[in-house]
Every structure is written in C-alpha cells, then in structure tokens.
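If you want the numbering used here, it's the position in the sequence shown, counting the first as 1, plus 198.
Glycine residues also receive a C-beta, built at the ideal position from the N, C-alpha and C atoms.
Structure record follows, encoded as structure tokens.
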Amino acid sequence: MTCKNVPFGILYTMVTFYKGTVLQMMLKDMSAVELRQLLAAEQKKYDEFKSRGLDLNMSRGVPAKEQLTLAQPMMDILNSEADFFDEDGTDTRNYGCFDGLASAKKLFSQMLGASPEETIVFGNSSLNIMYDTMVKAMLFGVDGVNKPWKDCGKIKWLCPAPGYDRHFLITEKLGFEMITVPLGQDGPDMDMVEKLVQSDESIKGIWCVPMYSNPTGITYSDETVKRFAALKPAAPDFRIFWDNAYCIHHLDGERDSLLNLLDEAKKCGSEDMVFMFSSTSKVSFAGAGVAAMAGSVKTIEYFKSLMKIQTIGYDKINQLRHVRFFKDMNGLEEHMKKHAAILSPKFRAVTATLEEELAPLGIGSWTKPNGGYFISFQSPDGCAKRIVSLCKEAGVTLTDAGATYPYGNDPHDSNIRIAPSFPPIETLKLAAELFCIAVKIAAAEKLLEK
Ligand SMILES: Cc1ncc(COP(=O)(O)O)c(C=O)c1O
C-alpha cells in the first residue's frame, strides 16, 4: 500500500523551470523534428553501449553472491554426531517427521503467522509446494469432501496482474481458464474478486502475493485482507493461494505491514479457504532453503494424509541447520537487515537513474517498493516488448515483456519487471542507463509512428 510512484509533476516542474530557465521538454510535447533529434542522439548512445559487450541476465530475482555468503556459517553448524539431534531428541539423519521437524515447525509457523499444528515444513522450494498442492487438489480435491477439480468440468482461476509469471504458468499448464484481475496499490480489485467468486462456481481460487508483491512491490491493505477473509464464494472448494514469499524481505527505511489472513479468516469462519506459503529461498540459499505451508488444522491434516503416501519426509538436516542458525523470528529479522543493507543501494541506484533520465521527459512510471525483489516499470503503451528486445540486443536480458500477465499477454504491452538484486552495483548502473536509453528510443519511435 505504501509503495510510491515517482511524483512526475513535481519533478518535471523542478527540472523544467529550474531558476526560471526551461531546461527540458516533455517527450509528448516534442515536435516530429525534435523527436527525430532525440532519437538520433539516443541511438548513438545505444550503439556505444552495444559495442561494450555487456552480458547481464536480470530476468529473475536472484540473490547476489554477498547475500548468499551471509548464511554461509550455517554450513558449519552441524559437526559432531550430537549436533544432528533436534531438541525433542529426533535424529535428523533418520526417517520420521514427514511433515517437518518440531523445531522447524515452531520457527516457520511464526514466519507464516500460524501455529505449529497449522504448519507443514517441506524441502527447498515453495513454488514446488504450490504446484504440488494444486495437483493434489486436481487429483483428489481440496478437502476430501468436494470433487477433485479435474472432475469439475470447466475450471477457472483468478490472476491478479501484474503478477508472478510462474504462478500463471502453473494454472495455465493445469488447464484453468485464467481471469486477469487488475492489481492496484491496495491489492487486487476486490469489487471484481467478490463479484466473480460469488457468482461463478467454476472459479476455484486466486493467486496472491500479498506482501511486496512480485513485481509491483505493493502490500495488500488491511481492508483487502479483511475482504478476502469475508469472501462468500459460490464454489465450496474455492481457495486463496497466499504466497507470502516476501514476508520478511524489507528494504531499508519505511516498512509495510500485512494483516494475518488466517487470523482474519478465523473470525469469519472461512479459515479452510486459506493456503499460505513461504520459504527461505531469499533468506538463506536460493533453491537450498526451506519451504513451509500453513492453513487451518483441517486443511493441514487432510494434506498430511495425502503427503504420507507421497513421501517419507523432506530434508530434516537442512531444516535443523536453519533452526540452529536463525534460532527465532528475531534471528530471521536481524539476518534480513543484512540483506537489506546489500539490496537497498541497488534499488536506489536503479530508481535514481530512472528519475534522472526519464522523469524530466515524462516517460513511464515506476515503483519504489519498501521491500521484495522488484521494481515494476510501466512504459508508454505498446513499448514494453521493444524496450526488452533493445536491452537484450545490447546484452541485458530482462524478464520477457508480457510475462507478468496470464498467457504472457499484457493488454497494453507496458509492464516490465526489473530485478536489481544480482548484478554488482556498477554493472547495475550501466544496465539502468541502457534501460533508459531503450525506453527513450521506444517511446520516441512510438510517438513518431503516430
Ligand atoms: C512470489 C514468489 N513466490 C515464489 C517464488 C519461488 O520461491 P521458492 O524458491 O521457494 O520456490 C518466487 C521467486 O521469485 C516468488 O517471487
């Protein structure tokens, strides 16, 4: 909710009328001759960039090496044989505890905002668990009472967008008809969500990234969370997939806060509707962390009954390493401050370049999130694909334009996800410069077309 767009009006006034002198004209006010001049100048800069041979992949939110190093001591935590026993005596080297070590449930239930009885701790990836939960619901149903989704005929899924491309790929692959719901500053358009789920029994669920959303960085407002809890879906097996991937991933400065959906749902008697997910992929090691899921006791017991057939258990040694390293929520919180110290200057470097290069020309808008992994850029309509392809040609790979919408179809060809976490800051600054040149070229070309 507190994610801000750059105040163009103010910036533009400051830049254009600095000490009474007109310094820069908005792109949209330029004549064709002026646009061509700008295009030629930017094209020259672009060609220079191309000759530098940049080779940078910024397509995904990948932690930088220094971030991974923060958790390296975790690898030396279990040494002697005695270290491998959990506080309740469980030998983590052996079978058992298929739903997670007791100490891991204690820690990760707090991260998710649930009790240990409402939590399962898994292996290394929450995306894998979301996929798996979906497939179980397809094959066996969400609660053992309602029909498996595969037997429900046409099934639909709500997809707030811009959103997380891998969510959309799961529901697309499983054959859901995906319905795009606009995502605003406070969360999904709840009027639309309420209207749709109340009236259409074939709608079985919704994807949500409620905190520091991927890619727009917004956090759902308290009102949005309460409206989710109070939903009265036509489908008794409608489920909210609450992917709280960035629940502790604040940057420096102001922080967002999120109301606990499970608690709110309990007040409305709708707790069975809630599946909450998270992981330590961007806390400890990406792809080698620990994932967890929470829901009502009824939901968790049902899914455990299915899991029992599927697995003897996940990697409890890694779970124990995490518990010993982070200890408690305070330990997690302190660790995330170290991540913020690495990430925040990178976010600032990108937004500073956008402000310097694009704000005076009045091109596009972008988010300045308080946490998470992304900056979301809105280009002028019809320019996103061109910008991404110009960047790629000059050696910087961004997430495909359109990927943040169901079916890869951004109706305005406008949203671009920028992932600033991985590159060293100097390289990132270069990439941001190149990005701005590409934006100017694409926007000028678009205006000249008109
Ligand atoms: C919203 C969201 N959920 C899930 C994931 C993947 O998490 P995991 O590594 O736990 O599978 C990501 C990774 O970028 C993400 O942005």
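Which listed residue (the options) has its alpha carbon closest to that of residue i
i, options, result
"Lys248", "Met336, Leu588, Pro567 and Pro604", "Leu588"
"Leu266", "Leu596, Gly298, Leu541 and Ser574", "Leu541"
"Ile353", "Gly580, Gly373 and Met388", "Gly373"
"Lys402", "Lys648, Ala486, Met336 and Leu325", "Met336"
"Arg250", "Ala642, Val637, Ile623 and Glu591", "Glu591"
"Glu285", "Ala443, Gly321, Asp611 and Arg519", "Arg519"
"Val637", "Val586, Phe620, Val495 and Asp341", "Val586"
"Cys357", "Tyr500, Ile377, Asp349 and Thr478", "Ile377"
"Lys506", "Leu254, Cys295 and Asp227", "Cys295"
"Val594", "Glu375, Ala230, Asn255 and Gln235", "Asn255"
"Lys263", "Pro621, Ala641 and Thr478", "Pro621"
"Leu460", "Gly485, Thr478 and Val495", "Val495"
Residue i versus residue j - alpha carbon distance
i, j, result
"Asp526", "Lys644", "53 Å"
"Pro261", "Lys303", "25 Å"
"Ala280", "Ala300", "17 Å"
"Met224", "Ser455", "37 Å"
"Gly451", "Val407", "21 Å"
"Thr551", "Phe426", "37 Å"
"Phe306", "Val391", "30 Å"
"Asp435", "Trp355", "12 Å"
"Val521", "Gly570", "23 Å"
"Asp330", "Leu504", "11 Å"
"Gly606", "His365", "12 Å"
"Ser397", "Lys430", "10 Å"
"Glu462", "Glu469", "8 Å"
"Ala312", "Asn277", "32 Å"
"Gln508", "Tyr293", "14 Å"
"Asp611", "Leu632", "20 Å"
"Trp405", "Val423", "13 Å"
"Thr211", "Asp579", "Low per-residue confidence applies at Thr211: pLDDT is 38, beneath 50, and the placement is therefore not dependable, though the value from the model is reported in the following sentence. About 24 Å."
"Asn568", "Lys536", "15 Å"
Residue i and residue j closer than 9 Å at C-beta
i, j, result
"His448", "Tyr410", "yes"
"Val395", "Pro386", "no"
"Gly351", "Ser400", "yes"
"Thr317", "Met471", "no"
"Ile368", "Met332", "yes"
"Leu229", "Ser324", "Note that residue 229 corresponds to Ser in the displayed sequence, not to Leu. Contact: no."
Contact set for residue i: own chain, Cβ-Cβ below 7 Å, skip 5 residues either direction
i, result
"Ser574", "Pro360, Pro413, Thr414, Gly415, Trp564, Thr565, Asn613 and Arg615"
"Val548", "Ile573, Ile616, Pro618, Leu626 and Ala630"
"Ile635", "Glu240, Lys243, Tyr244 and Phe247"
"Glu647", "none"
"Gln517", "Gly298, Leu299, Ala302, Val319 and Val488"
"Glu531", "Ile446"
"Lys544", "Pro618, Ser619, Ile623 and Leu626"
"Ile510", "Tyr293 and Phe296"
Sequence-distant residues of its chain with Cβ nearer than 6 Å to residue i (five each side left out)
i, result
"Tyr603", "Ala359"
"Tyr512", "Phe320 and Gly321"
"Asp441", "Val407 and Phe475"
Chain D contact for residue i (CB, 9 Å cutoff)
i, result
"Gln270", "As a matter of chain content, chain D is missing from the structure shown, which is built from one protein chain."
Chain-order list of residues whose beta-carbon lies under 8 Å from that of residue i (same chain, five-residue window excluded)
i, result
"Ala269", "Val481, Ser482, Phe483, Phe523 and His533"
"Ile275", "Asp281, Arg519, Arg522 and Phe523"
CB-CB length for residue i against residue j, believed under 8 Å
i, j, result
"Met328", "Phe501", "About 12 Å separates the two Cβ atoms, so there is no contact after all."
"Ile515", "Arg291", "7 Å"
"Asp384", "Glu421", "7 Å"
"Glu363", "Ala601", "The question names Glu, yet the displayed sequence has Asp at residue 363. Yes, Asp363 and Ala601 are in contact; Cβ-Cβ is about 4 Å, under 8 Å."
"Ala428", "Cys466", "5 Å"
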